[in-house]
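Worksheet: the structure to be examined is printed underneath.
Residue numbers (the numbering used here), protein chains in the order written: chain A, 291 to 619; chain B, -3 to 381; chain C, 40 to 121.
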């Protein structure tokens, strides 16, 4: 048995950054408050002291400028990790991400790749209201030319960053703010993991629950509750929203013949719609029930706690969706 | 308020006669309960209800014949207090027909009501198993028929309700045969086969065999046919999606008539590579299990060709209808003593007429004739089977 | 073994191969085949195998015609069992 350590999601991300900084001189971290303040979510706490201001760089409040600087550094041979405080703020840098980072390889006829990693916090549940709490990773999954990762476990928080830095193209990593404090056991020698496959986190035969990021633990808790009702739910952690692991999704549906998609993002035009469409295209004749979705309510994220919780998928709403699908409603 | 209507119990049913009510006003009913018996051209059929609630009113008395879709009773759903005005009725207020006219509302409502909610997986499986979806009560959300419902129905075909089974099976057979006649361009060939050598060999073989391992002519014919099919792959397989898919093995189905009506043709898998004793044992086993209603779904669905023997009923020639998606059917008639010319002499010989019905999409008479000729040759050397 | 016992055994063997048919009302002097719809050669074969097991004696194929009715069966086995 391998030795494990008790750690948190936040520490796992920090350890991943620390390892990258040690292994590769070209790696540096930049973003708002990542240095002296230690990161808005305290992810980079202590790294400035350890690695110095050349490699842990505070930036002005100008997402477009520092993401653009990151793209330039990547083109120039560096391996930047750019932190954007929340996904809502990343909209200020959309031009840099969508028009530059995602396109330069293509527009240069394959001459310039952009080995940039952008980390950002996403998701609600911490009463940060409608300008800090949305889940827009599904939007980014729309864009060819970038990869979109959603680490939901300690292993992925620890292991996805290095693989992303090794990737020659831009990779966006979305860290759900509700996960930073989650604690658990992690292998002491945990390291890099793949960034293009979904994983079955719990096997089952009656229904597939597709989830990612902050939705995964809710899906797992729902599966626990369903097991008490003799319903064996399979929980699939999507892990990467672009590229989507379509083969794993279809294989799971072919096995269980029922699919429920859990997505903290909005339903209309979201990643859940894409997954549902792929199931229709590839597994229609395997289906024993219409695909169901449990998504975020289509409102700007409310501030009051009870309304915010009501706007997000919950264990109970997932369980209820499965019951209805099975005709136990 | 829900209306319980005269169901369509087959695509050609236009009307049915109500011969028994098993509910009365005030009774509670659950989805799936048998609430009435309806006489159709195919016999009496028990009719289930798909609404849970309380019977409000019986609209059609016993003995009356009414068209499909006619409301037979009204059901108050659980928790429902008084009937709300129906959308349909208000929608019709502007047209000339009075909103309460049942004839006016029937057509539209019936179209919606008869479209079954069936999951894609359940529909596919039902086709494979030959399960009649119209007879199932769905357990899924909003009463949808699920895969589980289909598989349970396939397992549970109740031997205790022969009339029920027969009616469903008759519909299934009729549907398959109508499709066959519509879609398959049949050609028919027939030939007399001198069975003397085969029967002589069987007699002497059976004299030295104990009772349980004796052979019937049917086993010999079955084996010879399976061997002949090796040389005629165009007769052994399926016509699917506009092309011929040869069978993965030679799995002839043996048509077995069931008591109480109906017909099944379960397969003997890889009959060509089984010994004669194994073929005999397999046929015995199939008949016994068919009688007991214990056939397996794989046997029911994967036969690559069908053999039908009607000789025991005294019939000399079988003009078979191919069972789709198969592409051929072999018919075996009665073995009967007839004058036959051998070396210029008229002699009495036991003759059997073997016929072939085959699909012109896949083969033609030339190939079919070769098959029957080979069958004849093989039966002249029974000891080699 | 008396006639009643033989008869019961024969009826049991018959029921075993025709599980959903009612054998209680069979006319003893009429052939099984005429009374039991779809009683075919394979059913008859299984019936003879059942009789063979129950009585423990050989039944040559040439004797099969002597087993076509209930009465005939009773006579046959009474003689055979002596």
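Every residue, glycine too, gets a C-beta built ideally from N, C-alpha and C.
Check: Give a yes or no on whether 8 Å exceeds the smallest Cβ distance from residue 583 (chain A) to chain B.; Outcome: no
Check: Hey, does residue 58 (chain C) have any beta-carbon neighbour from chain B nearer than 8 Å?; Outcome: yes
Check: Can you name the residues of chain A whose CB is closer than 9 Å to the CB of residue 143 (chain B)?; Outcome: 547 and 578
Check: Which chain B residues sit within Cβ distance under 7 Å of residue 617 (chain A)?; Outcome: 135, 136 and 137
Check: Any heavy atom of the ligand COA within a distance shorter than 7 Å of the CB on residue 269 (chain B)?; Outcome: This structure lacks the ligand COA; in fact it carries no ligand of any kind.
Check: Anyone know if the C-beta pair for residue 570 (chain A) and residue 497 (chain A) falls short of 8 Å?; Outcome: no
Check: Less than 8 Å between the C-beta atoms of residue 592 (chain A) and residue 508 (chain A), yes or no?; Outcome: no
Check: In chain A, which residues lie with their C-beta within 9 Å of the C-beta of residue 148 (chain B)?; Outcome: Neighbours of residue 148 (chain B) on chain A: none; closest Cβ ~13 Å, over 9 Å.
Check: Sorted by chain position, which residues of the same chain lie with C-beta nearer than 7 Å to residue -1 (chain B)'s C-beta, five sequence neighbours on each side aside?; Outcome: 67 and 70
Check: Of all Cβ atoms in chain C, is any one closer than 8 Å to the Cβ of residue 100 (chain B)?; Outcome: Residue confidence is low: residue 100 (chain B) scores 37 on pLDDT, short of 50, so the model does not pin down where it sits. Its coordinate-derived value is still stated next. Residue 100 (chain B) does not count as touching chain C.
Check: Got a sec? Which residues, its chain only, sit under 8 Å from residue 471 (chain A) by beta carbon, not counting five neighbours each side?; Outcome: 298, 299 and 300
Check: Within the continuous beta strand (DSSP E) that includes residue 330 (chain A), where are the two ends?; Outcome: Element bounds for residue 330 (chain A): n/a, residue is neither H nor E.
Check: Find out if the Cβ-Cβ distance for the pair residue 48 (chain C), residue 117 (chain C) is shorter than 8 Å.; Outcome: no
Check: May I ask you to list the residues that DSSP assigns as paired with residue 187 (chain B)?; Outcome: B:350
Check: DSSP three-state label for residue 47 (chain C), please.; Outcome: helix
Check: How is residue 606 (chain A) classed by DSSP in three states: helix, strand or coil?; Outcome: helix
Check: Restricting to runs no shorter than 4 residues, where is the alpha helix (DSSP H) found entirely within the region 49 to 105 of chain C?; Outcome: 71 to 74 and 80 to 94
Check: Applying the criterion that 16 or more other CB atoms from any shown protein chain within 10 Å of the CB defines a buried residue, is residue 276 (chain B) buried or exposed?; Outcome: buried
Check: Suppose only complete runs of 4+ residues qualify. What are the alpha helix (DSSP H) ranges in the region 334 to 420 of chain A, listed by chain order?; Outcome: 337 to 341, 353 to 365, 377 to 380 and 394 to 397
Check: Please identify the residue among A:438, A:443 and A:474 whose C-alpha is closest to the C-alpha of residue 457 (chain A).; Outcome: A:438
Check: Thinking just about the alpha-carbon of each residue, which of C:41, C:56 and C:40 is nearest to the one in residue 89 (chain C)?; Outcome: C:56
Check: Along chain B, which residues have their Cβ under 8 Å away from the Cβ of residue 614 (chain A)?; Outcome: 137
Check: I want to verify the contact list: residues of chain B whose CB lies under 7 Å from the CB of residue 575 (chain A), in sequence order.; Outcome: 116, 117 and 120
Check: Mapping DSSP to helix, strand and coil, what is residue 336 (chain B)?; Outcome: strand
Check: For the region 419 to 453 of chain A, which segments carrying the alpha helix (DSSP H) assignment without a break, of at least 4 residues, lie completely within its bounds, in sequence order?; Outcome: 427 to 430
Check: Against chain B, does residue 107 (chain C) count as a neighbour if the rule is that its beta carbon must be under 8 Å from one of theirs?; Outcome: no
Check: Can you tell me whether residue 327 (chain A) is buried or exposed? The criterion is at least 16 other CB atoms within 10 Å of its CB, across all chains shown.; Outcome: exposed
Check: Are the C-beta atoms of residue 232 (chain B) and some chain C residue less than 8 Å apart?; Outcome: no
Check: Under 8 Å between beta-carbons, which chain B residues line up against residue 40 (chain C)? List them in chain order, please.; Outcome: In chain order: nothing, as chain B lies at least about 19 Å away.
Check: By a C-beta neighbour count over all protein chains shown, 10 Å radius and 16 as the cutoff for buried, is residue 599 (chain A) buried or exposed?; Outcome: exposed
Check: Hey, is residue 87 (chain C)'s beta-carbon within less than 8 Å of any beta-carbon in chain B?; Outcome: yes
Check: Please list, in chain order, the chain B residues whose beta carbon lies closer than 8 Å to that of residue 84 (chain C).; Outcome: 210, 212 and 280
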